[in-house]
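Read the structure below first, then the notes.
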Amino acid sequence: MRTDIQSILNKLGIKAENAAFSTGSIWGGDSNSKSIESFSPVDGKIIASAKVATSADYDAVVKKSQEAFNYWRTIPAPKRGDIVRQFGDALRVNKDTLGTLVSYEMGKSLQEGFGEVQEMIDICDFAVGLSRQLYGLTMHSERPNHRMYEQWHPLGIVGIISAFNFPVAVWSWNTALALVCGNVCIWKPSEKTPLTAVACQHIIAKVFKENDVPEGVCNLIVGDREVGELMANDGRVALISATGSTRMGKAVGAAVGARLGKSLLELGGNNAIIISEHADLDMSLIGAVFGAVGTAGQRCTSTRRLIIHEAVYDAFAAKLVKAYVQLRIGDPLDQNNHVGPLIDKDAVSSYLDSIEKCKDEGGKFLVEGGVLEGEAYTSGCYVKPCIAEVKNDFKIVQHETFAPILYLIKYKTLDEAIALQNGVPQGLSSAIMTLNLREAEQFLSFQGSDCGIANVNIGTSGAEIGGAFGGEKETGGGRESGSDAWRAYMRRQTNTINYSNTLPLAQGIKFDL
Ligand code: NAD
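Residue numbers in the sequence shown follow full-length UniProt numbering, run continuously in steps of one, and reach 513 at the last position.
Below you can see the structure in the form of structure tokens.
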């Protein structure tokens with residue numbers, strides 16, 4: 001059944017605003033500015049176009065946000081949490097429509113589109129509880145009749161730069177937490193997925209309006225890299241939370257660092273699963289295949305490398321090849337398909353280029369790649385997931401290609417496997433498949449995986465919101481979502497109160513007048 005995308009846009013309240021920004025229910029921008037088109041990789045159709053914010057538009061949004069911050073920070077945190085609860089409820093109502101639009105605009109499977117909206121709902125629930133738990137510590141002062149404690153205050157404007165592959169969930173991770181912490185947000189979504197962002201802005205703006213929250217608490221600016229650069233260089237934006245490629249993170253990190261601002265970077269991964277000789281191979285197969293081909297290999301946590309023990313290497317490679325033959329590639333809105341398209345033709349070129357580079361370096365393909373042609377693949381964005389035997393130090397293996405290319409590497413000892421797993425510049429997600437307790441514990445120890453996420457008997461992709469999400473090395477070091485990630489959205493203040501009749505100095509220093 002062909003999805004009626006127009007009725008979905010209508011249900012989500014998206015009219016042809018063609019606006020460059022929104023400060024809530026007000027949409028605007030310079031009508032002479034250039035437009036970006038939202039292109040569906042599913043069928044190659046242009047869904048709609050949106051204007052790109054100019055620097056004057058951007059400036060107007062920042063000014064509105066500054067005003068809104070003065071209001072929003074005065075609302076008690078649990079009351080802010082209640083508004084986030086209502087946003088979560090609104091997402092529940094819109095789950096099917098928003099999830100379908102995510103699937104159509106980005107190209108991920110319908111189930112994953114729904115899953116992405118579920119993740120937004122989950123983080124709202126988490127943030128509601130958090131709104132009553134923004135705890136600081138109380139310490140004992142070394143001075144008599146003094147009290148010392150710390151408290152957490154909001155930062156101000158949080159700038160959110162997001163990637164195309166999780167077009168809505170990453171925004172909500174940041175927004176739900178930032179809002180309960182008392183911040184206001186400015187979101188610059190990926191230029192490849194502006195419509196889902198417009199839809200989210202409609203949903204949250206309605207909730208704010210129903211609660212008489214003034215304009216400017218949650219803002220959207222549509223634009224490309226230049227708009228992101230304006231944010232990164234702007235001292236009025238207290239925190240930049242940026243999700244995307246390592247290339248982008250290096251530029252944003254440098255710009256924010258140069259002004260001594262705060263940044264939270266969530267960048268590329270190069271994730272591996274170690275398949276031990278003690279692994280349950282059937283279970284490992286599901287984890288490996290889903291990790292490698294899910295979202296057409298376009299998750300930051302996608303499985304790029306399998307490091308397989310020599311004793312099970314041939315058997316496991318044969319299982320993989322058999323599974324890949326059965327993969328159904330096609331329209332992601334058709335739930336019978338396993339693999340949808342890549343985001344655009346540039347991504348297809350980079351996939352083909354990586355395959356060539358891999359062959360040039362000596363990679364041997366067990367399952368060949370290629371671009372699919374024919375009536376079902378008119379967008380030109382559908383590619384075949386492929387598998388190559390490689391060495392970990394191939395240049396192409398060290399690089400994150402955002403496509404379904406899976407590299408197989410053989411190992412003899414666990415020490416060697418861990419060194420291979422860690423032997424890349426990125427450090428996001430990692431996993432070991434083993435039923436051996438000693439192996440699992442070594443992998444999780446300080447001598448084990450160097451990644452932000454390390455799993456046992458689970459693949460590399462598919463994190464829950466309750467844990468802190470992010471990675472080390474070139475992945476950027478940021479943590480979002482659960483655990484105590486909220487602290488990134490607040491500033492810590494240490495307070496000492498003297499209720500004695502004298503003024504004793506710390507460290508016993510004497511200063512008498
Ligand atoms: P990208 O880096 O091309 O773009 C991401 C965002 O950054 C876009 O909004 C873009 O406009 C903006 N941008 C690009 N250059 C900029 C600059 N110099 N200054 C300011 N903004 C700039 O990434 P993409 O292709 O959209 O997404 C894929 C990448 O994102 C992959 O590397 C993937 O691993 C990564 N990713 C990481 C995580 C994570 O949590 N670690 C999650 C999702 C995606």
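Yeah, the Cβ is synthetic: ideal placement off N, Cα and C, and Gly gets one too.
With 16 other Cβ atoms within 10 Å as the buried cut-off, status of residue i
i      : result
Arg304 : buried
Tyr382 : buried
Thr479 : Residue 479 is actually Arg in this sequence, not Thr. With 16 or more Cβ atoms within 10 Å of its Cβ, Arg479 is classed as buried.
Asn94  : buried
Met139 : exposed
Gly370 : exposed
Asp234 : buried
Pro332 : buried
Pro76  : exposed
Lys359 : exposed
Thr74  : exposed
Ala311 : exposed
Ala506 : exposed
Three-state secondary structure (DSSP) of residue i
i           : result
Val217      : coil
Gln493      : strand
His399      : coil
Cys200      : helix
Met1        : For Met1, the predicted structure reports a pLDDT of 40, less than 50, and the residue's modelled location is therefore unreliable. A value from the coordinates is still provided. Note: Met1 maps to coil in three-state DSSP.
Leu513      : coil
Thr100      : helix
Leu110      : helix
Lys410      : strand
Arg304      : strand
residue 561 : Residue 561 lies beyond the range of the chain shown here (1 to 513); nothing can be said about it.
Thr460      : coil
Near ligand 2: residue i beta-carbon under 7 angstroms from a heavy atom
i      : result
Lys188 : No copy of ligand 2 appears in this structure; the ligands present are ligand 1.
Alpha-carbon to alpha-carbon, residue j and residue i
i      : j      : result
Asp415 : Asn457 : 18 angstroms
Ile157 : Glu389 : 47 angstroms
Leu177 : Ile509 : 42 angstroms
Met1   : Gly44  : Low confidence applies here, because Met1 scores a pLDDT of 40, under 50, leaving its location unreliable and the question unanswered by this model.
Glu229 : Val207 : 30 angstroms
Asp89  : Ile121 : 8 angstroms
Pro167 : Ala317 : 33 angstroms
Cys451 : Asn32  : 46 angstroms
Gly482 : Ser131 : 13 angstroms
Gly380 : Ala403 : 14 angstroms
Asp96  : Gln442 : 42 angstroms
6 angstroms CB neighbourhood of residue i in its chain, flanking five on each side removed
i      : result
Tyr499 : Asn145
Glu150 : Gly136, Leu137, Arg492, Thr494
Ala251 : none
Ala454 : Ser430, Leu444
Neighbourhood of residue i by C-beta distance below 7 angstroms, restricted to the same chain and skipping five residues each side
i      : result
Pro194 : Ile36, Ser38, Ala50, Val222
Gly291 : Ile273, Ser302, Thr303, Gly459, Thr460, Ser461
Glu277 : His309, Ala311, Val312
Proximal residues to residue i (C-beta, below 8 angstroms), its chain only, five neighbours per side dropped
i      : result
Leu134 : Ala77, Trp152, Val180, Cys181, Trp486, Met490
Glu67  : Pro214, Gly216
* Are at least three pairs of beta-carbons, each pair with one atom in the segment 284–295 and one in the segment 312–324, less than 8 angstroms apart? -> yes
* To do: Report yes or no: do the segment 475–495 and the segment 262–270 share at least 3 C-beta pairs separated by less than 8 angstroms?
  => yes
* **Touch test, the segment 462–475 against the segment 403–420, Cβ-Cβ under 8 angstroms, three pairs minimum** => no
* So, do the segment 297–316 and the segment 4–11 have three or more beta carbon pairs nearer to each other than 8 angstroms? -> no
* Count the CB pairs spanning the segment 95–114 and the segment 210–222 that are closer than 8 angstroms, and state whether there are at least three. => no
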